[in-house]
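Residue numbers (full-length UniProt numbering): 1 to 473. Virtual Cβ for every residue (Gly too), placed ideally from N, Cα, C. Values in this document were obtained by computation on a predicted structure and should not be read as measured data. Take a look at the structure below.
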Amino acid sequence: DARVPSAGLPLAYRTGPFLSLSCGPRRRTRGCCSGMKFTFLVLLTAVTCQWATEGSDQESNCPARCVCEHNHTRVSCTHAQLTVFPNSLPGHLHFLNISFNDVKSIPLLHEQKLTTLVLCHNAIDVILRGTFNRLNDLHTLDFSHNRLSSLDADDLDGLESLQFLSLEGNSLRNLAPYAFHRTPNLKMLRLSNNPLKFIDATWFRNLDVLESLEVRSIDAHSITDNAFSLATRLENIDLSDNDFVDIPRGLGSARNLKILRMDQNPLVKLDSSSMSGVRRLRELYLSQMPQLEAIEDGSFWYMKALRVVEISGNPLLKVVSASAFQWNTSPILRMELANNSLSTLPEGFAEWCGKGKLDLGGNPWSCNCETSWIKRCRSTEGLMCSSPPRLAGRSLDEVDVSEMTCPLSRTLLLQFENTANNKIVLAGVGACALVVSLVAGMYLWRERNTFRTKGDRYGTVYYVHVNHKSDAA
């Protein structure tokens, strides 16, 4: 605020002739001092009137059909049926929302303190050169769901402080090379739902701090090998709902990529080469893929940083290989395999099942010996049997191990595992078996040594018969 009560005058009046007014030395006459006091009172009255006028002007600066809040620093004109951009805005404006109207163009903006501008859901089809030249403090610009068909290299001139930009839901077919080079501090960029069809490495020139990129539904089917080489801090990419039939190798150019979303793409399978360029991922999302059928051996090997895997809602997915993961080194904290077409699953997945990290709901399980390990899961609620016919429609939680057509030895083992103290029982049996083996071994060793000792006490005796008569003759 320009008014400072302690100073007695607005900031604009702290210098100049108003502050130089003085009664002068005491030796001056009473009449002179009285005249000066009168002059000061007149000026003070004028300034007070000016304050009142400024306050009244500020109130009147709130545009029609808009709501002004926080001393007119926030203005919202959303759903106001506007067809033109408001031409009278309060000073010191920080936040402006003109969303859900029918505004077709925006004028040159002079609100230098504006930090957030929301223009989504309008009919703007072009950005005039210089529109944002004076918005040096703007850090958030939502231009989504308008009618832009192209973006030139200097359309965003003046937005050096911009950190968030959304252009999703426009009609963008062409982004000029270096389209974002005027926004060097951009951290999040949304380009989803535009018919771009490809991703060009030149778009990311001067985006050294970009962290998140959303390019959902842009009809892309490939990415060049060096697509993200200029975005050195890029950590999060969303490529969902495109036309990729494999994990794009161009993702390898995003050297610090940690989160990848590939939902709703026509991948058919994953194999040992699929993830070769994105071994440093922490989170991977591969859900709602209409053609995904199998996850083969080695698909997720060497992904030592992987923490979250979501592979859900894939109607044709029936096979997940036992060797898809490296069980002994896998650091995964959450595994979601819900709502696929899995009828069986390798027992190696039990590593997450016992810790409540595995979601298997919504699959048509075959309740037989191969899936009996699932009963050890912390929660089997909602898991239903689809086969064999005698168990179809029953909850897996209610099926006894003896009903799951396992060999007798396997059944006994599973019954042991499903007891309340299964680990203690198995450990005790193992310990007893070990003790019996040791005792038996020691007994056999002792008996063998005893036999050898007795044999050493006796020698061999030879008897010779001598015929004395024949000797005498």
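Counted within 10 angstroms of its Cβ, other Cβ atoms place residue i as buried (16 or more) or exposed
i              : result
methionine 275 : buried
glycine 252    : buried
glutamine 81   : exposed
lysine 375     : buried
asparagine 194 : buried
leucine 281    : buried
aspartate 359  : buried
aspartate 57   : Any reading at aspartate 57 must be qualified, since the residue scores a pLDDT of 45, below 50, and its modelled position is unreliable; no value is offered.
glutamine 264  : buried
aspartate 241  : buried
alanine 220    : buried
leucine 93     : buried
glutamate 440  : What sits at residue 440 in the sequence shown is alanine, not glutamate. Exposed, since its Cβ has fewer than 16 Cβ neighbours within 10 Å.
serine 299     : buried
arginine 390   : exposed
arginine 216   : buried
glycine 393    : exposed
leucine 438    : exposed
alanine 305    : exposed
serine 149     : exposed
alanine 322    : exposed
Boundaries (first-last residue) of the beta strand (DSSP E) holding residue i
i                : result
cysteine 385     : 384 to 387
glutamate 310    : 308 to 310
arginine 74      : 74 to 76
methionine 335   : 334 to 336
tryptophan 365   : 364 to 366
leucine 284      : 283 to 285
residue 545      : The requested residue 545 does not occur in the structure, where the chain is confined to residues 1 to 473.
phenylalanine 95 : 95 to 97
First and last residue of the uninterrupted alpha helix (DSSP H) at residue i
i           : result
residue 496 : This structure cannot speak to residue 496, because the chain is shown only from 1 to 473.
Residue i to residue j span [Cα, whole Å]
i                 : j              : result
phenylalanine 349 : leucine 333    : 12 Å
valine 309        : leucine 337    : 9 Å
tryptophan 203    : arginine 65    : 38 Å
asparagine 314    : aspartate 297  : 19 Å
alanine 179       : glutamate 235  : 21 Å
lysine 269        : valine 245     : 9 Å
serine 144        : leucine 383    : 41 Å
phenylalanine 198 : serine 192     : 12 Å
arginine 307      : cysteine 367   : 29 Å
proline 184       : leucine 207    : 5 Å
leucine 286       : valine 103     : 39 Å
leucine 96        : glycine 277    : 42 Å
asparagine 133    : glutamine 112  : 9 Å
leucine 267       : arginine 182   : 36 Å
alanine 231       : valine 209     : 7 Å
arginine 190      : serine 312     : 25 Å
tryptophan 365    : glutamate 403  : 14 Å
leucine 115       : leucine 89     : One detail in the question is off: residue 115 reads as threonine in this sequence, not leucine. Threonine 115 and leucine 89: Cα-Cα distance of roughly 15 Å.
valine 435        : leucine 444    : 14 Å
leucine 162       : isoleucine 259 : 23 Å
arginine 129      : leucine 342    : 56 Å
asparagine 226    : proline 248    : 11 Å
glutamate 214     : leucine 138    : 21 Å
glycine 362       : serine 386     : 11 Å
lysine 318        : valine 126     : 49 Å
serine 212        : isoleucine 98  : 25 Å
cysteine 68       : proline 177    : 39 Å
valine 401        : proline 290    : 34 Å
aspartate 397     : serine 229     : 50 Å
cysteine 120      : alanine 254    : 30 Å
DSSP state of residue i mapped onto helix, strand, coil
i              : result
threonine 232  : coil
serine 105     : coil
aspartate 359  : strand
threonine 116  : strand
serine 323     : coil
serine 88      : coil
isoleucine 259 : strand
glutamate 293  : coil
glutamate 214  : strand
lysine 304     : coil
isoleucine 237 : strand
leucine 270    : strand
serine 402     : helix
serine 395     : strand
lysine 318     : coil
leucine 444    : helix
valine 435     : helix
cysteine 369   : helix
Contiguous beta strand (DSSP E) assignments of at least 3 residues, all confined to the stretch 126 to 207
With a minimum length of 3 residues, the continuous beta strand (DSSP E) runs that stay inside the stretch 126 to 207 are 140 to 142, 164 to 166, 188 to 190.
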